[in-house]
Every structure is written in C-alpha cells, then in structure tokens.
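Here's the structure, in structure tokens; my notes come after.
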Amino acid sequence: MSTVQHAAGRPGMLHLFAPYWGSPQRWRAWLLVALWLCITLGSAWLYVRANALTGELTDALLARQWDALKQVIWLTIGVGVLVGALGVVRTAIIDLIDLDWRTWLSNHYLEQWFSSHAYYDIERDGALANADQHIAEDVRMFANSSVVNLSNMINVVVNIVAFTAVLWTLSGTLTIPIGTATLRIPGYMVYVALLYNLAYLLLVHWVGKRLIGLGMKKQTVEADYRYGAMQVRENAEQIAFYGGADNELQRLRRRFAKIRDNVLATVVRNAKLEMTRTVYGHLFAVLPTLTALPRYFAGEISMGGVTQAVGAFGQLSASLGYFQESYKSFAMWLALANRLRDFSWAINKAHARPNGFTVARASQADIHSSELALRTPLGDPLADVAPLRLAAGSRTLVRGPSGTGKSTLLRTLAGLWLHGAGTVTLPEGARIMFLPQRSYLPSGSFKAAMCYPMMPEQFDDATCRRVLDVCGLSSRITSLHTRDNWQQLLSGGEQQRVAFARVLLQRPDFVFLDEATSALDPATEASLYQRLIEELPDSAIISVAHRTAVADYHDDIIELAPAMQAQ
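Now the structure itself:
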C-alpha cells in the first residue's frame, strides 16, 4: 500500500516525482535512466564529431582533395547511421520509463482514492470535480509529458555543455581595439549565443505565460463536457420521461461554450507566441555568420572553420532554444501537475478528515453503540439516537419523517458519515451488507453484477439460478454469462431484486436495507422480505422504509424524531 500524505495544504511538485523514484521499482527505473544517459552522452559526442566532419568536408571541397573527401563522406554516413540507431534505442527506453511510471502512478493514486472511502468523501463533499478523469487522463498525460520534457531537458543540457566547449574553441579570442587599449574576449561567440537565447526566452515567457492557466482550464472544461454527456447517456430514460432534452441540450451547449472560449483564447495566445518566435528568429537569422566573420577576415580560420563555428552556434542556439520552442509543452505539463496536486490535496483532505464518530471492532456477537448525535455537514442537528443494540437474528425498522436522518444513521453505522458524535462497535469478522435504494451494478457478465462485491467464481451457477428464481428474476437465468451494461438495462425494480439476490447468495450477518424495496410492488416486497427471513434466520435485518407494511417483518422499531424534537 502506498504511503498516504496527510498534509494540510496542496503537496509540492516533489510529491509527484519522489515516491516512484524511491519505490521498490526504482532499480529498474534507474537502470533504464543510466542506459539512456550513456546513449545521450554518446549521441552528443557523435553530434560534435558530425559537426567537425562538416568542416572537414567543406575544406576538402575547397581544396579539391578527392581522397580526403571520400573518407569524410564515408565517416559522415557512418556517424549518421549510428546517431539514428541510438535515437531509436533512446526513444524505446523513454517509452519504457513512461509506461513504468504511468503504471506506478495509476496504482498509487487508485490505492489512495479507494483508501478510507476517499472516493466517496470527495464526491459527497464536492471537493473535486471529475476525480476519475485525473486518474484516467491526467496521470497518463503527466507521466508522458514529464518523461519527454525531462529527457529532452537532460539531452539539451548535455548538448549545451558539448557545443559550448566546441564553440568556445572555434571562437578563439575576439580582439577589439579601444583607443590605445585592446579588449580581448575569449570564446566571444558563446556569449553572443547566450545573450541571444536569454532575450528570446524572456520574450517568449512574457508573451506565452498565460498558456499555463489556459492549459489547466482546458483539462477541466473538457472533463466537465465529457461528464455531462455521460450523464445524458446514463440517465437517458429519466430525461426522456421528463421531456428534458432541451434542458440537457442547453446544458451541454453551455459546457461546450466554455471549451470553445478556452480554445479561442489559446489559439490567440499561441498565434502571438508563434509570431514572436518567427519575427525574432528571422531578425537574427544571419547572426551566427556575422559573428564568425571577424576571425575569417582576419585569416584566423578557414571557410571550413566558419562552417564549423556557424554549425556549433546553431547547435548551441537550438539546444538553448529548446526552452522557447517547448514553452507550450511546459505550460501544459505544469497545468497537468497542478491538476494532480489538486487531486492529491483532495485525497489527503479526505484521509485527514475529522470524524465525530468512532467505529471500532470487538469480540462480540452484536452491534451496539453509544448515544449517537447525527448532524448535517454544517452542524445542524438531525436526530439524537438512543444507544443501539442489534443482535444476531433481530429485525429492526427505522422510521421517521423525511429529513430526520434515517439514511444518515445507516451511513454512520457503515462508517461513512462524519458529522456528529458517538461510538459504534461492530463484531470482529462479521459480514455486513448495505442495500441502498439504487444498488450499483458493474458492467460485465450478469453473474458478476449479481455476485458483487464478491467474485463470480465464488458461487456456482446452480446456486445463482436458484436465488434468481427465488427473487423473481427467472427471466434472467439464461443471462448469467451475458455481458452488458446492467445499470442501464435493468429497471429499478429489477435492480432492487438483484440486490436481494446478492444478500441471499452472500448470506451476511447483518443486512441494512435503505428503502431497498421502494421500486417494488407490495406483493413482491412481501415475498422478498419473507424469503430473506426464512433463508437468513440468524442474520440481523435493519430496514429504513416509509411503507407501513414493512413493519410486519420487524420486531423492533426505532422512531427518529424531527430535529427540533431531537433537540
């Protein structure tokens, strides 16, 4: 299990990098990095050699030295082939690092998301929109962007060092007479290249800095639009019954308008950035040649030397210019990092949440509690519940007007509700199952949906068929191994019968039913309760229901009073 950070604020950038590179998988990662560095250093040496060969080729052409020319051509071809081969291997290594890091990050965030019901708390409190998109998209894009950008940066640094040394040597010393004195500038072309690219970077940052915020907003509005469309797909029938097509259409149009506005702002900003880069590049296109001419006219270097110096200047500028050329990529990378930091913050907040209730396990046969003070998230009272004792085989009904905290009581007993005070003690090792009004049915085989949260292999088909028949789902017996989206395919009543089938299959010690028969007719409701009592005589049943007929299947009743009376 990954270590969970309980910081009060948003985690720093180091939080996104350090865990993976210090994890048990770090040896494989560092080995790949070491191999990649060796290839990068070798490639840099080959680029320097290729630049020198270009100068030799120029001098051989000017001197009409055909034998030397042939040798240089063959060496140039060999160096080019080797550079290309090393590039292929280096790309493959980067892809492997990307895959390993993404795999680790995905598992890391999934573990934290599911730990301590963080996924539930984030959705309940609205701490973060589209948490699933952060795992599915942001992790993928962040890992790829990080590996590509960082590998490019290291490659650029290596090339900067290599070609700075080459250009320094080729530049020699520029002598400038000033009156009776003489100013000598060794390696002057290096200084020109540095100043040229520093001015370029500052200009690009000034023009393009808004892209960071626009990139972060892009991920958010795109995720909102996808989520809105998914809601329409998942709730198509309800929308059709309500005649809500126009409403949904306008809602999706409003969300898409945010995408359009963000894209337009990005297009304008990108156009300004590209125009800045184009104008600046063309204004100083001849700068390398002009810088090398003083030594050429002084007879200190040959035309081949000029070619090498211009080539080294171009390579150094290209390496330094990587930061300007990749400004958009870095802006998107920072936006992704900020979104993952927000996701980590939301998870950490959920893990570190204050809980007014204490839920413990003890060696006992029943569930018991102290007096429970149920409160809203704002601290307003819902109800004060007298101490409870739910024994094996007991039948308890929770009743009360809407808003008195009936469902909240069940959430408290499940350890999902934080707001209030009291202690709940559960039997050690007891199997507890909660049936909400609308049960979750995962996509896949019908048997897998029926057996959830246990695995379908844990139950034989014959037992599943018998339970389906008992729950009035005989028409689904032939669908056990049919794969579909059952949450959408089944009616509300069928979904509730599947939930009862789960209970009969898994035979928990305590069953909590929260309006679990609200979509069923009275006859089906009575039949299911009757079979539940007959087949699970030793299981405690705790129900929340509005129908008075449900009371016939319970021995004890807990009446919750409205908040004002509870005070």
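Residue numbers for the sequence shown follow the working numbering, so the first one is -2 and each next one is one higher. Here a beta-carbon is modelled for each residue, glycine too, at the ideal position from N, C-alpha and C. For clarity, every value in this text was computed on a predicted model and none was experimentally measured.
Residue i and residue j closer than 9 Å at C-beta
{"i": "G417", "j": "F354", "result": "yes"}
{"i": "V204", "j": "R251", "result": "no"}
{"i": "A65", "j": "Q305", "result": "no"}
{"i": "L407", "j": "I555", "result": "no"}
{"i": "I538", "j": "S391", "result": "yes"}
{"i": "W27", "j": "R87", "result": "no"}
{"i": "R230", "j": "Q130", "result": "no"}
{"i": "S367", "j": "P351", "result": "no"}
{"i": "T37", "j": "V155", "result": "yes"}
{"i": "R336", "j": "D135", "result": "yes"}
{"i": "H348", "j": "S540", "result": "no"}
{"i": "A242", "j": "R396", "result": "no"}
{"i": "V45", "j": "A159", "result": "yes"}
{"i": "V495", "j": "L438", "result": "yes"}
{"i": "A41", "j": "L164", "result": "no"}
{"i": "L171", "j": "P291", "result": "yes"}
{"i": "A47", "j": "G77", "result": "yes"}
{"i": "C468", "j": "C448", "result": "no"}
{"i": "I90", "j": "L167", "result": "no"}
{"i": "Q485", "j": "M451", "result": "no"}
Rounded distance between the beta-carbons of residue j and residue i, thought under 8 Å
{"i": "A427", "j": "F509", "result": "A427 to F509, Cβ: 12 Å. No contact."}
{"i": "S314", "j": "N194", "result": "6 Å"}
{"i": "L333", "j": "A262", "result": "Between A262 and L333 the Cβ distance is about 18 Å, and since that is not below 8 Å, they are no contact."}
{"i": "L470", "j": "A498", "result": "7 Å"}
{"i": "L375", "j": "T405", "result": "Between T405 and L375 the Cβ distance is about 13 Å, and since that is not below 8 Å, they are no contact."}
{"i": "D339", "j": "L125", "result": "6 Å"}
{"i": "T273", "j": "V201", "result": "6 Å"}
{"i": "N259", "j": "K206", "result": "Incorrect: roughly 16 Å between the Cβ atoms, too far for contact."}
{"i": "F443", "j": "T479", "result": "6 Å"}
Helix, strand or coil at residue i [DSSP, three-state]
{"i": "S366", "result": "strand"}
{"i": "D433", "result": "According to the sequence provided, residue 433 is Pro. The question's Asp does not apply to it. Three-state DSSP puts P433 in coil, outside helix and strand."}
{"i": "D377", "result": "coil"}
{"i": "G308", "result": "helix"}
{"i": "A5", "result": "Model confidence at A5 stands at a pLDDT of 44, short of 50, so the residue's coordinates are unreliable; what they give is reported in the following sentence. Correct three-state label for A5: coil."}
{"i": "V283", "result": "coil"}
{"i": "F509", "result": "strand"}
{"i": "T401", "result": "coil"}
{"i": "G296", "result": "coil"}
{"i": "L371", "result": "strand"}
{"i": "C468", "result": "coil"}
{"i": "A411", "result": "coil"}
{"i": "S565", "result": "It is not possible to answer for residue 565, since the shown part of the chain is limited to -2 through 564."}
{"i": "Q130", "result": "helix"}
{"i": "P351", "result": "coil"}
{"i": "G426", "result": "coil"}
{"i": "L58", "result": "helix"}
{"i": "A546", "result": "helix"}
{"i": "G39", "result": "helix"}
{"i": "S314", "result": "helix"}
{"i": "G240", "result": "coil"}
Sheet register partners of residue i (DSSP bridge)
{"i": "P183", "result": "T170"}
{"i": "L387", "result": "I364"}
{"i": "V356", "result": "V421"}
{"i": "S442", "result": "R480"}
{"i": "A178", "result": "I175"}
{"i": "V303", "result": "Answer by DSSP bridge pairing: none, since V303 is not bridged."}
{"i": "V382", "result": "L369"}
Boundaries of the beta strand (DSSP E) in which residue i is found, first to last residue
{"i": "E556", "result": "553 to 556"}
{"i": "L394", "result": "392 to 396"}
{"i": "A537", "result": "537 to 541"}
The alpha helix (DSSP H) enclosing residue i, as first and last residue numbers
{"i": "I474", "result": "Neither: I474 is in no alpha helix (DSSP H) and is coded neither H nor E."}
{"i": "V500", "result": "489 to 503"}
{"i": "I209", "result": "208 to 231"}
{"i": "D122", "result": "115 to 122"}
{"i": "Q68", "result": "63 to 111"}
{"i": "V519", "result": "Per the sequence shown, the amino acid found at residue 519 is Pro instead of Val. Counting along the chain, the alpha helix (DSSP H) containing P519 begins and ends at 519 to 532."}
{"i": "Y449", "result": "From DSSP, Y449 is part of no alpha helix (DSSP H); its letter is neither H nor E."}
{"i": "F456", "result": "Careful: F456 lies outside any alpha helix (DSSP H) and carries neither H nor E."}
{"i": "W18", "result": "11 to 18"}
Closer than 8 Å: residue i CB and nearest the ligand SAH heavy atom
{"i": "L337", "result": "Of ligands this structure carries none, so the ligand SAH is not represented either."}
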